[in-house]
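J.: Can you keep this structure in mind? I'll have questions shortly.
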Amino acid sequence: GAPVAVKLIRQPDAEQDGELASQLEKQFNTEIVTLYRLHHRNVIKLIGACRSKPVFCVITEFLSGGSLRAFLHKQEHRSLPLDKIISVGLDIAHGMGYIHSQGIVHRDVKPENIIFDRDCCAKIVDFGIACEEAYCDPLANDPGTFRWMAPEMMKHKPYGRKVDVYSFGLILWEMLTGSVPYEDLTPFQAAFAVFDKNVRPPIPATCPAALRVLIEQCWTLQADKRPEFWQIVQLLEKFKMVLERDGTLDNMPSSNCLESHDHKKWLAHWIHKLKHPHHHHDLSGPPPPKLL
Numbered sequence: 001g002a003p004v005a006v007k008l009i010r011q012p013d014a015e016q017d018g019e020l021a022s023q024l025e026k027q028f029n030t031e032i033v034t035l036y037r038l039h040h041r042n043v044i045k046l047i048g049a050c051r052s053k054p055v056f057c058v059i060t061e062f063l064s065g066g067s068l069r070a071f072l073h074k075q076e077h078r079s080l081p082l083d084k085i086i087s088v089g090l091d092i093a094h095g096m097g098y099i100h101s102q103g104i105v106h107r108d109v110k111p112e113n114i115i116f117d118r119d120c121c122a123k124i125v126d127f128g129i130a131c132e133e134a135y136c137d138p139l140a141n142d143p144g145t146f147r148w149m150a151p152e153m154m155k156h157k158p159y160g161r162k163v164d165v166y167s168f169g170l171i172l173w174e175m176l177t178g179s180v181p182y183e184d185l186t187p188f189q190a191a192f193a194v195f196d197k198n199v200r201p202p203i204p205a206t207c208p209a210a211l212r213v214l215i216e217q218c219w220t221l222q223a224d225k226r227p228e229f230w231q232i233v234q235l236l237e238k239f240k241m242v243l244e245r246d247g248t249l250d251n252m253p254s255s256n257c258l259e260s261h262d263h264k265k266w267l268a269h270w271i272h273k274l275k276h277p278h279h280h281h282d283l284s285g286p287p288p289p290k291l292l
């Protein structure tokens with residue numbers, strides 16, 4: 001049969017660390033319940049699970065291509081080719097659009113949690129701190145990783161699925177630079193810079209204007225100004241088409257069109273221009289399956 005991956009989680013003795021023990025159990029339960037509901041080519045597939053305290057076991061499909069983190073590490077601060085940024089970005093955006101259409105917020109989108117299969121198809125993994133959007137608790141202390149965490153989450157304000165869009169903006173930036181965001185800062189210092197000074201990593205001057213606007217939109221401070229993943233999919237499909245046709249994105253709207261900072265109008269303009277019937281997503285259900 002097909003190879004599988006087995007994740008073993010060992011709980012510490014409750015007397016040694018009761019808090020960690022209950023946190024690990026909660027994460028195991030969340031991961032199983034969430035993955036059981038999700039079926040998409042860009043989300044890791046659950047095969048089974050078992051618990052025999054103190055060990056919990058999650059069995060998933062085996063992905064042999066390594067993580068986006070490992071892939072970026074090999075880049076040594078060099079950008080990925082633009083077509084690769086777009087194709088990996090599309091895989092992640094398709095998967096996240098589906099996850100959000102199911103009413104789920106991942107809350108820990110980062111390169112470590114994007115894994116490739118042997119065909120280089122990216123899949124989203126690790127749903128241990130996912131939450132139903134209707135029940136995300138802004139006061140909970142466990143979620144997320146500081147470097148990729150949206151400001152509203154850090155501030156314990158009410159938040160929703162747009163926290164994942166913020167993290168996606170950082171992933172696009174990482175693929176563009178081959179670097180870790182705020183790598184000269186500790187995670188806590190990075191969080192403080194975002195929280196207190198609204199700092200973002202610098203986008204290289206070589207970045208095509210259209211991609212720059214998308215990244216800036218994704219990580220903008222106001223969550224309601226961030227695009228939805230289905231819009232990001234449409235935009236990246238457009239980038240892909242233009243890149244295949246022209247060999248560059250430089251002919252897409254240049255800065256003078258973007259300086260109005262009316263991102264929504266800019267995005268709406270491009271989505272309106274696409275008008276491909278198969279791009280129409282009914283958000284009440286999962287998006288149409290994407291063929292390889």
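Numbering of the sequence shown is given in UniProt numbering, commencing with residue 1 and proceeding in unit increments. Note that beta-carbon positions come from the ideal geometry of N, C-alpha and C, so glycine has one too. Just so you know, these numbers come straight off a predicted model, no measurement behind them.
Near residue 131, what residues of its chain come up, given a Cβ to Cβ distance below 6 Å and the 5 sequence neighbours on each side ignored?
T.: 105
J.: Going along the chain, which residues of its own chain have a beta-carbon closer than 6 Å to the beta-carbon of residue 32, five neighbours each way excluded?
T.: 49
J.: Report yes if the CB atom of residue 296 is closer than 8 Å to the CB atom of residue 90, and no otherwise.
T.: Outside the modelled stretch of the chain, which goes from 1 to 292, sits residue 296, for which no answer is possible.
J.: Which residue from 223, 52, 47 puts its Cα closest to that of residue 160?
T.: 223
J.: Given this structure, state the Cα-to-Cα distance separating residue 175 from residue 9, to the nearest angstrom.
T.: 31 Å
J.: Between which two residues does the alpha helix (DSSP H) holding residue 239 run?
T.: 229 to 246
J.: Should the stretch 105 to 125 be regarded as contacting the stretch 57 to 69, the criterion being three or more beta carbon pairs within less than 8 Å?
T.: yes
J.: Using the Cβ count rule (16 or more neighbours within 10 Å means buried), how would you classify residue 167?
T.: Buried is the call here.
J.: From this set, 133, 146, 156, which residue's C-alpha is nearest residue 294's C-alpha?
T.: Nothing about residue 294 can be read from this structure; the chain reaches only from 1 to 292.
J.: Closest to residue 249 by CA distance: which of 86, 6, 75 is it?
T.: 86
J.: Which value, in whole angstroms, describes the spacing of the CA atoms of residue 115 and residue 3?
T.: For residue 115 and residue 3, the distance between alpha carbons rounds to 16 Å.
J.: Quick one, are the C-beta atoms of residue 252 and residue 193 less than 8 Å apart?
T.: no
J.: Tell me whether residue 177 sits in a helix, a strand or coil according to DSSP, three-state version.
T.: helix
J.: Pull up the distance between the alpha-carbon of residue 68 and that of residue 184, whole angstroms please.
T.: 21 Å
J.: What are the start and end residues of each continuous alpha helix (DSSP H) run of 4 or more residues lying completely inside the stretch 147 to 224, in chain order?
T.: 151 to 154, 162 to 177, 187 to 197, 209 to 218
J.: Please report the Cβ distance between residue 179 and residue 94, rounded to the nearest whole angstrom; I am assuming they are in contact, meaning their Cβ atoms lie under 8 Å.
T.: Contact flag wrong, Cβ pair sits at about 25 Å.
J.: Have a look at residue 138 and residue 163 and give me their C-alpha separation to the nearest angstrom.
T.: 12 Å
J.: Quick one: measure Cβ to Cβ for residue 109 and residue 44, integer angstroms, because I've assumed they're closer than 8 Å.
T.: 14 Å between Cβ atoms; not a contact.
J.: Label residue 198 either buried or exposed according to how many other C-beta atoms from any shown protein chain fall within 10 Å of its C-beta, with 16 as the threshold for buried.
T.: Answer is exposed; the Cβ neighbour count stays below 16.
J.: Please classify residue 101 as buried or exposed, where buried requires at least 16 neighbouring CB atoms within 10 angstroms.
T.: buried
J.: For the candidate residues 145, 177, 57, 65, whose alpha-carbon lies nearest to that of residue 75?
T.: Of the candidates 145, 177, 57, 65, the one whose C-alpha sits nearest the C-alpha of residue 75 is 177.
J.: To which residues of the same chain is residue 191 closer than 6 Å at the C-beta, ignoring the five residues directly before and after it?
T.: 146, 154
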